[in-house]
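Novice: What follows is a structure written as structure tokens; I'll ask about it next.
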Amino acid sequence: VAGPYQFSHMAEYQAVIAVGNALFPFKRKVDYSAVPWCTFTDPEVARVGLTEDEARAKFKDIKVYRSPYSGNDRAVTDIEEKGLAKVITDKKGYILGAHIVGANAGEIIHEYVLAKASKLKIGNLSSAIHIYPTLAQVVKRS
Numbered sequence: 545v546a547g548p549y550q551f552s553h554m555a556e557y558q559a560v561i562a563v564g565n566a567l568f569p570f571k572r573k574v575d576y577s578a579v580p581w582c583t584f585t586d587p588e589v590a591r592v593g594l595t596e597d598e599a600r601a602k603f604k605d606i607k608v609y610r611s612p613y614s615g616n617d618r619a620v621t622d623i624e625e626k627g628l629a630k631v632i633t634d635k636k637g638y639i640l641g642a643h644i645v646g647a648n649a650g651e652i653i654h655e656y657v658l659a660k661a662s663k664l665k666i667g668n669l670s671s672a673i674h675i676y677p678t679l680a681q682v683v684k685r686s
């Protein structure tokens with residue numbers, strides 16, 4: 545693993561790009577703007593992109609949205625209601641960072657990873673249909 549992130553998933557990502565660059569004429573660069581992190585503790589802690597402090601320092605005018613697990617029916621019925629999803633956007637709604645603390649955070653964060661990598665706005669996530677009742681609805685409600 546090379547670069548700023550010493551994760552197994554980054555090693556795979558970098559290897560695919562390195563092999564592709566060695567074999568094909570179309571060169572790609574590594575993009576570190578949407579690297580997911582997860583600490584597999586209880587509760588899990590996952591993130592992608594900037595923290596609230598980093599976003600505020602870089603963009604000044606940001607918005608922060610929070611969605612507590614306690615407002616999610618699946619979390620409440622499965623006794624997993626301690627948790628929170630937080631999303632940081634710029635003033636136009638583009639996702640700068642997302643953080644989840646709670647059950648299955650490492651699974652749920654991928655929706656934010658895709659949105660950040662694809663340069664989607666927070667409204668794109670909240671307008672998408674999410675299966676009820678699932679923990680993924682914390683994304684919709686953020």
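The sequence shown maps to residues 545 to 686 in the numbering used here. For every residue, glycine included, the Cβ atom is placed at its ideal position computed from N, Cα and C. Only a predicted model underlies this, so the values are computations on that prediction, with no experimental measurement involved.
Using 10 angstroms around the beta-carbon of V560, count the other beta-carbons present and answer buried if the total reaches 16, otherwise exposed.
Specialist: For this step, residue 560 is matched to residue 16 along the sequence shown. Result: exposed.
Novice: Hey, I652 and L640 are a contact pair by Cβ (cut 8 Å); roughly how many whole angstroms apart?
Specialist: Taking the sequence shown and counting its residues from 1, the one referred to as residue 652 is at position 108. Taking the sequence shown and counting its residues from 1, the one referred to as residue 640 is at position 96. In fact, because the Cβ distance is near 18 Å, the residues do not count as touching under 8 Å.
Novice: Report the CB separation of V589 from V579 in whole angstroms; it is logged as a contact under 8 Å.
Specialist: In the sequence shown, residue 589 corresponds to position 45, counting from 1. In the sequence shown, residue 579 corresponds to position 35, counting from 1. V589 to V579, Cβ: 15 Å. No contact.
Novice: Compute the Euclidean distance between the alpha carbons of S577 and Y613, then round it to the nearest angstrom.
Specialist: For this step, residue 577 is matched to residue 33 along the sequence shown. For this step, residue 613 is matched to residue 69 along the sequence shown. So the two alpha carbons sit approximately 27 Å from each other.
Novice: I need the DSSP call for I632, collapsed to helix, strand or coil.
Specialist: By 1-based counting over the sequence shown, the position of residue 632 is 88. Residue state, collapsed to three classes: strand.
Novice: Please report the distance separating the alpha-carbon of K571 from that of A649.
Specialist: Counting from one through the sequence shown, the residue named residue 571 turns up at place 27. Counting from one through the sequence shown, the residue named residue 649 turns up at place 105. Spanning the two alpha carbons is a distance of roughly 33 Å.
Novice: What are the start and end residues of the alpha helix (DSSP H) that includes T621?
Specialist: Stepping through the sequence shown from its first residue, residue 621 is reached at position 77. 617-621 is the span of the alpha helix (DSSP H), which, as asked, contains T621.
Novice: Considering Cα atoms alone, identify which of S662, A661, V683 is closest to S671.
Specialist: Counted from its first residue, the sequence shown places residue 671 at position 127. Measuring from the Cα of S671, the nearest candidate turns out to be V683.
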